[in-house]
Amino acid sequence: MAGGQERVLRQRIKSVQATRKITKAMELIAASQIARAQARIAANRPYRTAMQRVIIEAALGDPVVASKLLATPDKVGTVTIVAIVGDRGLAGAYNSSVLRATERLAAQLKAKGTKVQIYGVGKKAGAYLRFRGFDVAETFVGFADKPTFADARHVAQAVATSFASGESQQVILVATHYITAASQKVETRQLLPLAMPEGATSSASGYTEFEPDVETLLASLSSRALESEIFTALLEGSASFHTSQQRAMAAATENADELATNLKRVMNRARQDSITTEIMEIVSGAEALRSGK
Amino acid sequence: MGTLNVEVLTPEAALFRGPASMVVVRTSLGEMAVLAGHTPLVGDVTAGVVHVETADGSTFVAVDGGYLNVSPDGENTSATVLVGVAQVATSRESAQAALSSLVAAQ
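Chains as they are written, first to last, in this note's numbering: chain L, 1357 to 1649; chain B, 33 to 138.
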């Protein structure tokens, strides 16, 4: 029946518009979070830069000790991977691209005979990686949206414990690097043993004092640097998450608009059709009555 | 000899940034004061109170530990204190109180 079709369409338009309202709200919320997340990255930058400066100075202070402490061992039995994703979905490819990169890396390492142990940040990490048969040592949930330094410290301690006990010999981070609001990239980086930051040259020409000696400093620096790097990665992850979510929800809102317009057109045609049919029926009925006189 | 520029940074914010006449930190080898023109230095900072002496008074920062980097910056000297968790206070007493709560929280 024509009238029935119209009612079904009206119902569908209503549900599309309800979905649009939700996606629009999520888009606006994500947009408001982006600015805050960016501000937190900016607030973290001086600390991170200064921390790298300290590592460089210390490493250049005693190159022999540095090459011993900072070098990756030749034989790596177990690698710890730290994967940082979000707690929530509906953010485009944000979660899946990090998880796919993690999966690829883990598969590569396994093919070489290296054992892999994964620490996941974000609710999405555990389910995905466990389902694919990886050894997920621990997952951290509840702070991917708005990480604090205490959260980073918590993650770093778990990772550092497994490294310090000799259980794993290398720690690799897989996370999203926030370049600008328009571009983010999945990045794979070694966290431990401490990697020498790029472009390392001493700012202090000549003599630098160390207190205590470089060896003690570098040993304690790794755990501090790990905290700092994980915190930066968490901040960039949360900014990337909100950016991806805003983009995904803007696209979804647009789609809903388009769908509603199309459905409205189909509905109007259906209504017009049923009106035309009704008129035809009335006219032909009247014709029949008149000719019957 | 130039001036001494002091920065006290945590991963979440810069707590102090500006010129100062002196900064006193506690390292694993004892208390140390840094003045303008200090030799370049990389040192550790243990949990304690960082005391920054400026022209208009003193600032005390309770810190949980980290690093100190002194480097020349043109003819000035910059001293950067990098700590994990910290709290600014106006007097040494309140900084001490903040310090004990910082240490207790860990």
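Heads up, the beta-carbon is just placed ideally off N, CA and C, and yes, glycines get one too.
What separation, rounded to the nearest whole angstrom, lies between the Cα atoms of residue 1407 of chain L and residue 1400 of chain L? Position 51 of the first sequence holds residue 1407 of chain L. Position 44 of the first sequence holds residue 1400 of chain L. About 11 Å.
Does residue 1534 of chain L have its Cβ less than 8 Å from a Cβ in chain B? The residue labelled residue 1534 of chain L in the question sits at position 178 within the first sequence. Not closer than 8 Å to any Cβ of chain B, the Cβ of residue 1534 of chain L fails to qualify, so no.
Listing by chain order, which chain B residues have their CB less than 8 Å from the CB of residue 1453 of chain L? By 1-based counting over the first sequence, the position of residue 1453 of chain L is 97. The contacting residues do not exist; residue 1453 of chain L stays about 26 Å from chain B at best.
Of all the CB atoms in chain B, is at least one closer than 8 Å to the CB of residue 1517 of chain L? Here residue 1517 of chain L is taken as the residue at index 161 of the first sequence, counted from 1. Not an interface residue.
Thinking C-beta only, is residue 1544 of chain L closer than 8 Å to residue 1592 of chain L? On the first sequence, position 236 is the one that residue 1592 of chain L refers to. On the first sequence, position 188 is the one that residue 1544 of chain L refers to. Going by C-beta atoms, residue 1592 of chain L is not nearer than 8 Å to residue 1544 of chain L.
Classify residue 96 of chain B: buried if its beta carbon has 16 or more other beta carbons within 10 angstroms, exposed otherwise. Indexing the second sequence from 1 puts residue 96 of chain B at position 64. Residue 96 of chain B comes out buried.
Using a Cβ-Cβ cut-off of 8 Å, state whether residue 101 of chain B counts as contacting chain L. Sequence index remark: in the second sequence, residue 101 of chain B carries index 69 (1-based). Residue 101 of chain B counts as touching chain L.
For residue 80 of chain B and residue 99 of chain B, believed in contact at Cβ under 8 Å, the rounded distance: Position 67 of the second sequence holds residue 99 of chain B. Position 48 of the second sequence holds residue 80 of chain B. In fact, because the Cβ distance is near 13 Å, the residues do not count as touching under 8 Å.
Closest Cα partner of residue 44 of chain B within the set B:58, B:72, B:118: Mapped onto the second sequence, residue 44 of chain B falls at position 12. When each option's Cα is compared against that of residue 44 of chain B, the closest is B:118.
Identified DSSP bridge partners for residue 1475 of chain L: As a working note, residue 1475 of chain L is residue 119 in the first sequence. Residue 1475 of chain L is bridged to L:1438, L:1494.
Examine the Cβ distances between the segment 1481-1493 of chain L and the segment 1565-1579 of chain L and report whether three or more of them are shorter than 8 Å. no
Pull up the distance between the alpha-carbon of residue 1357 of chain L and that of residue 1451 of chain L, whole angstroms please. As a working mapping, residue 1357 of chain L is identified with position 1 in the first sequence. As a working mapping, residue 1451 of chain L is identified with position 95 in the first sequence. Because the pLDDT of residue 1357 of chain L is 47, which lies under 50, any placement of that residue in the model is unreliable, and the question is left without a value.
Where in the segment 1391-1453 of chain L do unbroken runs of the alpha helix (DSSP H), each at least 4 residues long, occur, reported from the N-terminal end onward? 1419-1426
Applying the 10 Å Cβ sphere with the 16-neighbour rule, what's the burial state of residue 1546 of chain L? One-based indexing of the first sequence puts residue 1546 of chain L at position 190. Flag for residue 1546 of chain L reads exposed.
Using 8 Å as the limit for Cβ to Cβ distance, is residue 1576 of chain L near chain B? In the first sequence, counting from the first residue as 1, residue 1576 of chain L sits at position 220. It does: the Cβ of residue 1576 of chain L has a partner Cβ on chain B nearer than 8 Å.
Please tell me whether residue 1583 of chain L has its Cβ less than 8 Å away from any Cβ of chain B. As a working note, residue 1583 of chain L is residue 227 in the first sequence. Yes, residue 1583 of chain L counts as interfacial toward chain B.
Contact criterion: CB-CB distance below 8 Å. Does residue 1627 of chain L meet it with respect to chain B? In the first sequence, counting from the first residue as 1, residue 1627 of chain L sits at position 271. No, residue 1627 of chain L does not count as interfacial toward chain B.
Contact between the segment 1382-1402 of chain L and the segment 1590-1609 of chain L is defined here as three or more beta-carbon pairs at a separation below 8 Å; is this criterion met? yes
Closer than 8 Å, CB to CB, is residue 1413 of chain L near chain B or not? Counting from one through the first sequence, the residue named residue 1413 of chain L turns up at place 57. It does; some Cβ of chain B falls within 8 Å.
Runs of beta strand (DSSP E) wholly within the segment 48-109 of chain B (minimum 3 residues, chain order): 54-59, 62-66, 73-77, 80-86, 89-95, 98-105
Host beta strand (DSSP E) of residue 1531 of chain L (start-end): Numbered from its first residue, the first sequence carries residue 1531 of chain L at position 175. Counting along the chain, the beta strand (DSSP E) containing residue 1531 of chain L begins and ends at 1526-1536.
Please state whether DSSP places residue 1509 of chain L in a helix, a strand or coil. For the purposes of this step, residue 1509 of chain L is taken as residue 153 along the first sequence, with counting starting at 1. Of the three classes helix, strand and coil, the one that applies to residue 1509 of chain L here is helix, per DSSP.
Which chain B residues are close to residue 1417 of chain L, counting only those with a beta carbon under 9 Å from its beta carbon? In the first sequence, the residue the question calls residue 1417 of chain L occupies position 61. The contacting residues are 74.
8 Å Cβ cutoff met for residue 47 of chain B and residue 93 of chain B: Counting from 1 along the second sequence, the entry for residue 47 of chain B is found at position 15. Counting from 1 along the second sequence, the entry for residue 93 of chain B is found at position 61. Yes, these two residues count as a Cβ contact at 8 Å.
Taking Cβ-Cβ distances shorter than 7 Å, what residues in chain L pair up with residue 43 of chain B? Counted from its first residue, the second sequence places residue 43 of chain B at position 11. Residues of chain L passing the Cβ test: 1400, 1403, 1505, 1584, 1587.
Looking at the unbroken beta strand (DSSP E) that takes in residue 1547 of chain L, where does it start and where does it end? Residue numbering aside, residue 1547 of chain L sits at position 191 when the first sequence is read from its first letter. Element bounds for residue 1547 of chain L: 1539-1548.
Taking the alpha-carbon positions, what's the residue 1426 of chain L to residue 1582 of chain L distance? By one-based count along the first sequence, residue 1426 of chain L stands at place 70. By one-based count along the first sequence, residue 1582 of chain L stands at place 226. Cα to Cα, residue 1426 of chain L sits roughly 13 Å from residue 1582 of chain L.
Of all Cβ atoms in chain L, is any one closer than 8 Å to the Cβ of residue 46 of chain B? Working through the second sequence from its first residue, we reach residue 46 of chain B at position 14. At least one chain L Cβ lies under 8 Å of residue 46 of chain B.
So, using beta-carbon positions, are residue 1477 of chain L and residue 1441 of chain L closer together than 8 Å? For this step, residue 1477 of chain L is matched to residue 121 along the first sequence. For this step, residue 1441 of chain L is matched to residue 85 along the first sequence. Yes, these two residues count as a Cβ contact at 8 Å.
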